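The listed protein sequences correspond, in order, to chains A and B. Going left to right, the first sequence walks through residues 1 to 670 as the working numbering numbers them. Going left to right, the second sequence walks through residues 1 to 489 as the working numbering numbers them. Virtual Cβ for every residue (Gly too), placed ideally from N, Cα, C. None of the values given here were measured: they were computed from a predicted structure. Take a look at the structure set out below.
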Amino acid sequence: MVMLPYAPWLAIFVPAIGAILSPLLNKISERVMNYLEVFFSFAAAASALSMIPDVLSGNVIINGVKHGIPFDWQIPWLLNIKAGVLIDPLSVFMANIAADIGFLIMFYSLEYMREDPCKMRYWFFMNFFISSMVLLVLSDNFLQLYIGWEGVGLCSYALIGFWYRDEKKHWLGIYPPSHCGMKAFVTTRVGDVGLLAAMLIIYLYSGTFNFMELQRNFQWLGQLTSAGLLTLTTLLLFLGPIGKSAQFPLHVWLPEAMAGPTTVSALIHAATMVKAGVYLVARVSLIFYAAYVSHALAFEAIQPFFLTVAWIGGFTAFLAGSIAMVSRQLKKVLAYSTVSQIGYMMLALGVGGLAFEASKEFVAGYSAGVFHLMSHAIFKALLFLGAGAVLHATETIYMDEMGGIKGKMPITFTVMLIGALSLSGIPPFAGFWSKETIFHACYLTNHIPLLIVAAVTAAFTFFYSIRMIGMTFLGEESEHVKELEKEGHHIRDPSPIMWVPLIVLAFFTLIGGAFQPFLQGFFSPVLPHVEITSLPTFATETFTSPTFIVTIIVLVLGGVPAYFLYVSRTASPLELIKKSTILKGLYTFLWNRWYINSFYYKVFVYGVIGLSRLIFRTLEYEIDQFNYFIADVGKWFSNVFRRIQTGVLSWNMILILLGFLFIVFYWVLG
Amino acid sequence: MDNLLLVSVILPVLASPIIYFLGGKLKRKTSWLAFIPLAVSTAIIVLSSIKVFYGGTILETYRWTDFFNFGLLVDGLSAAPALMITFLGTITAIYSINYSDYGGEYGSYFALYVLYVAGMLGVVLSTNLLQFYLFWELMLVPSYFLIAEWGYKEAKKVAFKYFLFTHVGAIAILFGILSIYVLTPTHTFTISDLPTQVSLLQRSAQTLIATLLFLGFAFKMGLFPFHTWLPDAYAEAPTPISVLLSGVMSEIGAYALVRMVVTVFAPTWIEFVYVVAGIALFSMIYGGAMALVQDDMKRLLAYSSISQMGYITFGLSMVSIQGLTGSVFHIVNHGICKGLLFMTVGAITYQTGLRNMDKLNGLADKMPVTATAALVGALGIAGAPPTNGFQSEWLIFEGGFQAHHPFLTIIGVVSTALTVGYMLWMIRKVYFGPLPENLTNVKDAPLSMLIPMGLLTVLAVVLGVYPTPVLKIIVPYVHNFINLIGGVA
Chain A
1 MVMLPYAPWL AIFVPAIGAI LSPLLNKISE RVMNYLEVFF SFAAAASALS
51 MIPDVLSGNV IINGVKHGIP FDWQIPWLLN IKAGVLIDPL SVFMANIAAD
101 IGFLIMFYSL EYMREDPCKM RYWFFMNFFI SSMVLLVLSD NFLQLYIGWE
151 GVGLCSYALI GFWYRDEKKH WLGIYPPSHC GMKAFVTTRV GDVGLLAAML
201 IIYLYSGTFN FMELQRNFQW LGQLTSAGLL TLTTLLLFLG PIGKSAQFPL
251 HVWLPEAMAG PTTVSALIHA ATMVKAGVYL VARVSLIFYA AYVSHALAFE
301 AIQPFFLTVA WIGGFTAFLA GSIAMVSRQL KKVLAYSTVS QIGYMMLALG
351 VGGLAFEASK EFVAGYSAGV FHLMSHAIFK ALLFLGAGAV LHATETIYMD
401 EMGGIKGKMP ITFTVMLIGA LSLSGIPPFA GFWSKETIFH ACYLTNHIPL
451 LIVAAVTAAF TFFYSIRMIG MTFLGEESEH VKELEKEGHH IRDPSPIMWV
501 PLIVLAFFTL IGGAFQPFLQ GFFSPVLPHV EITSLPTFAT ETFTSPTFIV
551 TIIVLVLGGV PAYFLYVSRT ASPLELIKKS TILKGLYTFL WNRWYINSFY
601 YKVFVYGVIG LSRLIFRTLE YEIDQFNYFI ADVGKWFSNV FRRIQTGVLS
651 WNMILILLGF LFIVFYWVLG
Chain B
1 MDNLLLVSVI LPVLASPIIY FLGGKLKRKT SWLAFIPLAV STAIIVLSSI
51 KVFYGGTILE TYRWTDFFNF GLLVDGLSAA PALMITFLGT ITAIYSINYS
101 DYGGEYGSYF ALYVLYVAGM LGVVLSTNLL QFYLFWELML VPSYFLIAEW
151 GYKEAKKVAF KYFLFTHVGA IAILFGILSI YVLTPTHTFT ISDLPTQVSL
201 LQRSAQTLIA TLLFLGFAFK MGLFPFHTWL PDAYAEAPTP ISVLLSGVMS
251 EIGAYALVRM VVTVFAPTWI EFVYVVAGIA LFSMIYGGAM ALVQDDMKRL
301 LAYSSISQMG YITFGLSMVS IQGLTGSVFH IVNHGICKGL LFMTVGAITY
351 QTGLRNMDKL NGLADKMPVT ATAALVGALG IAGAPPTNGF QSEWLIFEGG
401 FQAHHPFLTI IGVVSTALTV GYMLWMIRKV YFGPLPENLT NVKDAPLSML
451 IPMGLLTVLA VVLGVYPTPV LKIIVPYVHN FINLIGGVA
C-alpha cells in the first residue's frame, strides 16, 4: 500500500543504477561488485513483490503521471507523451516474473560465473536487462515499451555474444558466439520494425501511445478500419512478438542464442525476454476486447489478427517440438522446447481472442496463456539452470558425451527430472495444469484442428523430455565422461549457491498448479466475469475434461517409444534410423531444422550480400565509370581544338587575313 | 555585445594566418591554437542556442554595399546544426593532436582546418544567398586541400574528383541563386524574403529553381545517383577530416535543403513528394546494400552516410511537424554518431595502421573504450534505443505516417533492418572474434582521442534518453512553418 507509487520506479531504476555503477564497483573490489550487483537485483525483486498486495487490494495505477514520478517528455505541438507506469495485474505479474526469477538467476551466477574474468560486463548487462524488462512490462505507453523492448534486445545481443573472443570451446556447432549474437539482433530487428511501424500508425490515428487512452476512446479503431489499415496494422504489430518470442517464421535465432552463458539462456531466452511478445499480445488483446465489448470493433475486423496469432503459435509449437526430438545439444533441446512452449501460449491467447463473443471462453483462453507463461517461466528456468550445472560438470554441450551421471549428480538429476516432467505435462507438476487449461480452452472454443496440433506437440514434448533426461543422466557413461574421471575431474553436484535456486524453482514447479485460482483472482480486475474456481473444482474439472483423455493418449504415444529408446534402451535409435529409409529421411529433415535456417541463410544473408556485391560491381562501377567517361570526352574535346593553336606565325597571319576578307565580303554583299 | 555571432565566424578566419605562421614553431601544439578560437565559437553558439531554446532568435545585420546587407542568424533551424558544427569542429581539433604529424606541416593543416570549420559555420548562419554561396566556397576550397595534401592513397586524384563534383553542385546552386535574383520582383538575395517573393513567380520558374537547388544540395549530400565522389573522398581523406566531411558537411546539404528549398518552395516540394521520397528511399537502401559489401571500414561508413542522408531527405519529403523535426534532429544525431564512428576508425588506424576489416579482429580486448564507443555509435546509426538515433528515426517515420504515406514509410522502416545488419557486421568483424597474432601489442587510443570519443558517446546516450533540449529548439520553428503553409499538422 505504502510502496505503490514508488515501487514500479524502483524496480526499473534500481537495477539500472546497479548496471551503471558496475564499472565503478569493479574498481573498488571484485567481491564487493559481485555481492552488490546481486543485491541490486534483489532490490528490484523486492519492489516487484511489494506490488502484489497492492494489486490484490484493488490498488491499480492506470495513470502513472498522477501517482508515480512524472517524467516530462512532452513537447508542445510534437508529442503528447508522459513517461508513466501502468500497474495492473498483467503488468505486475510480468514484472514479478522478470525481477524474481532474475534475482534467483543472479544469485546462481555468483557461483556459475565465478571463474569468468569479464564479470563487470556480465553484471552490467544482466542488471541492465532486468531494468529494461521491467520497464517494458510496466510502461503505460507504446513508446516506452519499445524502448524497453529494444533495451532487452541489446542486452540479449551483448550476452549471447558474451564470449566474443570466439574461442572454439564456446562455439555452438558451426557458429561462433559473436555470430549468434548478431543473428539474434538482426532477426529480432526484422520483427521490431513491424512493431515500430504499427505503433506509429496507431499513434497517427489515435494521437496517443498510452494503452489506457487507447482502451478508453476507440475512435482510432474506427478510423483505422475505414482507412482499410486495421488488419495490416495488427499484423505488423504481431511481427514484433514473432521476432522477440521466436515464433515461426522468425524463430531461427533462438537456438543460436544458446551460445551465451547458461544463466543468460535461462533468464533471457527462456523465462523473461522471449515472453515479452506474449505479454504484448496479451496487452493488446485487452484493448481489442474492450473495444469489442463497447461495439467499437466488429469481430470480423479483428478475427484475422487472432487467427494469425493462434495458427502461428500452433504451427510454431509443432515445428519446434519436432526439431527438439533430434537435437544433439542439451541447451538446444531446451531452446526448441522454449520456442514450442511459447507457441502454446500464443495459441491460447489466439484461441481466446477468437472467442470474443463469449466472455467465458475468452477468459479461458486468455488465462490459459498467461498461466502457462508463468509455469513455463519457472520450470524452464529450472531446466536451464540444471543444464548449466550439468554443462559445468561435464564440460561438454553434447548430450551423447554425457550419460550415466545420475548417481553423481543426484540433486541436479532430481530437479531436472521435475522440470522435465512438468514440461511434458505430467501431473501434479505446474506444466500439467497450465497445458491442460490450454487444451481445455481449445476444446471449449471448438478449435479442434488447433487442439490436434497442440496434442501432437505434447507427444513430441514428452518424447524429447525423456530423451533429454535419458541421454544426459541415464545409461552407460560415455567415453568423454570416463576420460574426465580418469583425469581426476570428478563429476558432482554444484555448490549450495547453485543448488539453492534450483530447489526453490523445483518447489514452485511442484506446487505451481495450485496457483491457478489465485491467478484467476489476481486477474479478475482486468478480465470480465472471471469465475474463480476453488482448487478442488479446478482439479476435478481438469481430470474430467475430455481433453484429459487426449492428454493420456498423446503421452503414451510420445512416452512409450522414448522409454524404450532412451531409458530401458531395448532399441537403439541409431540402428532404427539406419534400417528404415523413411525414418532416416525424417531424421535428416528434422536435423536440418526443416531446412528453414539454411534457406534463410541462402536468401537473406548470402542472397542479399551477393546481390549487393553484384550491384556494387556493375551499377556502382558503371556510374563511377560514367564520370570518367565525361572526363574523357572533355579531354578529347580539348585535344581536338588544341590543334588549332599551332603557334606558327604564317598560319596565324593567313587566318587573320581570311577572316578580314570574310568580314569585308559580308559587309559589301550583305 | 551585439556582434557575437560575427565574432564566432570571423575569429577562426582571423586565427588562420596566425596558426599558419606559428605552426612551424609550435609543432604539435598548433592544434591548441586551432582549438581556442573554435572553443570560443562553440561557446557563443551555445549561448545563442540557449536564447533560441527560450523562444528567441538572434539576428545580426551588417551593411555590405548599397545593394544588400549580409547577416548572421541563429534560429530554430540553424541553432542545432550550428551547435553540431562548432562542437564537432572543436573536439576534432583535440582529436587531431596525435592523429598524425601531417608531414610536419602543422601550420598549413590547422590553418586550413579552422577555415574549413568557419566556412561551414558561415553557411549555416547566412541570411543572404550571395553570402551563403561565398561561405559555401570557403568550406569547399580548404577541404579540397586538406584531402589532397594529407589524404591516403590517390589523395590528389580523389580530392580533384571531390572538388569537381561538389562544384558541379555549387554551379547548380549558383544558377538557382542568380535565377532567384533575376526573376523575383524586388531582385532579392535575402533568404527571409524568399518565401513571399518566390510565391509570386510562375510555377514553372519555381519548379526550375527548386530543381536546380535540390540538385546542388543532393550532390553535397551524396544522394543516389550523385554519390560516386563520396566514398572516395570520405575514405581517403585524413580521418579527422572524414569526421567533419561525413559528420557535418553532408548535413549542411540537408540543412540548406530545408532552409532554401523545403521552406521556400513548399508547394512545389509537396507536389514532387514521390520523386524526392523515391530518391530518398533508394539512397537509403542502396547505400545500405553497398555498405554491406565493403571491406574498408571508412568506405562502409561513407556508404552508410549516403543511406543516412536518405533518411533525412525522406523525413524532409514528408512535410509534417514530426517529419521535419525528425530530420533536423537527425542532422545532429547523425553528426554525433557518424563522427564518433569515424573517430573510432581513426583510433584503430592510429594504433594498427589498418582499416581493412578482413585484417582486423578481436580488438575489443585491446581497445575496450574504443569498442564501447563504436558500439554506441553503431546502435545510434541503427536507430536503437537508448541512443539518440532512435529518437530522430522514429520521428522521421512518424512524419511519414502523418503525411499519409504509410506504404512508403513502411519501406523506410523495413530498410532499417539493413542498417543493423551492416553496422553489427562491422562491429563483429573488427572488435569480436579471436585476436590475430600481429595485433597482440595494440593498446587503446591516446587520451587526446579517447576524450572526444567519450564526449560523443555520452552525448549520444544522453540525447537518446532525454532529447527534449534539442527538440524544443527545433519544434517551434517547424510548427510555425507548417502553420504558414497550412500543411499537415
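The C-beta distance from S422(A) to F462(A) rounds to 12 Å, too long to fall under 8 Å, and the pair is not in contact. Here G365(A) carries a helix assignment [DSSP, helix/strand/coil]. Across the set H440(A), A301(A), Q223(A), the C-alpha of H440(A) shows the shortest separation from the C-alpha of P546(A). Secondary structure note for V74(B): its beta strand (DSSP E) is the uninterrupted segment 69-74. Using a Cβ distance threshold of 7 Å, I130(A) and A48(A) do not count as a contacting pair. Chain-ordered, the chain A residues with CB closer than 9 Å to the CB of E398(B) read L200, Y203, L204. Of the residues assessed, I81(A) falls on the buried side of the cut-off, its CB having 16 or more other CB atoms within 10 angstroms.
If the five residues before and after D100(A) are omitted, its C-beta is found closer than 6 Å to the C-beta atoms of A45, all from its own chain and listed in chain order.
Residue environment analysis places K244(A) among the buried positions, since at least 16 neighbouring C-beta atoms fall within 10 angstroms of its C-beta. Taking 7 Å as the cut-off, the beta carbon of T370(B) is found no closer than this to the beta carbon of L379(B).
Counting along the chain, the unbroken beta strand (DSSP E) around R63(B) starts and ends at 58-63.
In summary, the residues of the region 350-378 of chain B whose CB is separated from some CB of chain A by less than 8 Å are G362, A364, D365, in the order they occur in the chain. Beta-bridge partners assigned by DSSP to V414(B): none are found.
Close to chain B, meaning a Cβ-Cβ distance shorter than 8 Å, are the following residues of the region 118-152 of chain A: L143, Y146, I147, E150, G151. In terms of CA proximity to F481(B), V264(B) leads the group V465(B), A256(B), V264(B), A159(B). Residue F314(B) holds the alpha-carbon nearest to the alpha-carbon of F407(B) among F314(B), M139(B), L223(B), L130(B). Q391(B) is outside the set of residues whose beta carbon lies under 7 Å from a beta carbon in chain A.
Per DSSP, V605(A) has no beta-bridge partner at all.
One finds V420, L424 in chain B with Cβ atoms closer than 7 Å to the Cβ of F185(A), taken in chain order.
Along the region 155-167 of chain A, going in chain order, the ones with a CB nearer than 9 Å to a CB of chain B are Y157, A158, G161, Y164, R165, D166, E167. When the alpha-carbon of F175(B) is set against those of Y133(B), F226(B), M139(B), the nearest one is in Y133(B). Restricting attention to G153(A), S322(A), F142(A), W591(A), the CA atom closest to the CA of F125(A) is found in G153(A).
Burial is judged here by how many other beta carbons sit within 10 angstroms of a residue's own beta carbon; I94(B) has at least 16 and is buried. T349(B) is the residue among L471(B), T349(B), G323(B), K472(B) whose C-alpha sits nearest the C-alpha of V442(B). Across the structure, M468(A) and C442(A) are spaced so that their CA atoms are roughly 28 Å apart.
If you check the CB distance, S478(A) and E401(A) come in under 7 Å.
The CB of Q308(B) never comes closer than 9 Å to any CB in chain A; the least such distance is about 16 Å.
Around the beta carbon of T234(A), 16 or more other beta carbons sit within 10 angstroms, so the residue counts as buried. Here K169(A) carries a helix assignment [DSSP, helix/strand/coil].
Secondary structure at T646(A): coil, using DSSP grouped into helix, strand and coil. Judged by DSSP secondary structure, A46(A) falls within the alpha helix (DSSP H) whose first and last residues are 30-56. I466(A) is the residue among T646(A), Y595(A), I466(A), P501(A) whose C-alpha sits nearest the C-alpha of V567(A). T190(B) has N128(B) as its beta-bridge partners, per DSSP. The alpha-carbon of S307(B) is positioned some 12 Å away from that of P231(B). Taking a Cβ-Cβ threshold of 8 Å, the residues of chain B close to E620(A) are T228, M290, in chain order. Our two residues, Y621(A) and K338(B), have alpha carbons roughly 25 Å apart in a direct line.
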